[in-house]
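Notes follow once the structure below has been shown.
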Amino acid sequence: MSLNPLATHPSIVSFCLPLLLIAIAPASLAQSITPANDGTGTSITPEGDRIDIGGGQLSEDGANLFHSFEEFGLSEGQIANFL
5 MSLNPLATHP SIVSFCLPLL LIAIAPASLA QSITPANDGT GTSITPEGDR
55 IDIGGGQLSE DGANLFHSFE EFGLSEGQIA NFL
């Protein structure tokens with residue numbers, strides 16, 4: 005009969021679990037901007053902490069410019085720059 009090493013040594017789990025959570029936390033905090041594939045022509049160009057957003061579609065009277073996103077999120081210090 006073999007014993008599960010994690011069951012016999014709970015201190016391993018107590019030590020490793022916080023390390024794992026710390027390792028994956030930065031990845032889960034990252035945000036992104038994803039243009040929608042809906043014909044508006046929105047384009048995204050990352051430039052360091054600045055994200056340039058171009059393209060888009062003009063309204064019929066040309067007074068408004070529309071962009072469409074599947075996801076829009078910024079991390080602290082990032083800038084969305086609509087061109």
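Numbering (the numbering used here), first residue to last: 5 to 87.
Just so it is clear, CB atoms sit at the ideal spot from N, CA and C, and this is done for glycine as well.
Measuring CB to CB, does residue i end up less than 7 Å from residue j?
i: F70; j: G60; result: yes
i: G81; j: D53; result: yes
Look up residue i in the DSSP assignment and give the residues it is bridged to.
i: T38; result: E75
i: D56; result: T49 and N85
Report the rounded CA-to-CA distance for residue i versus residue j, giving the unit in angstroms.
i: I48; j: A67; result: 22 Å
i: F73; j: I83; result: 16 Å
i: L62; j: L87; result: 13 Å
i: I55; j: S79; result: 11 Å
i: T46; j: P39; result: 6 Å
Out of the options, which one is the CA nearest neighbour of residue i?
i: I37; options: I57, S63 and L87; result: I57
i: N85; options: E51, E64 and G45; result: E51
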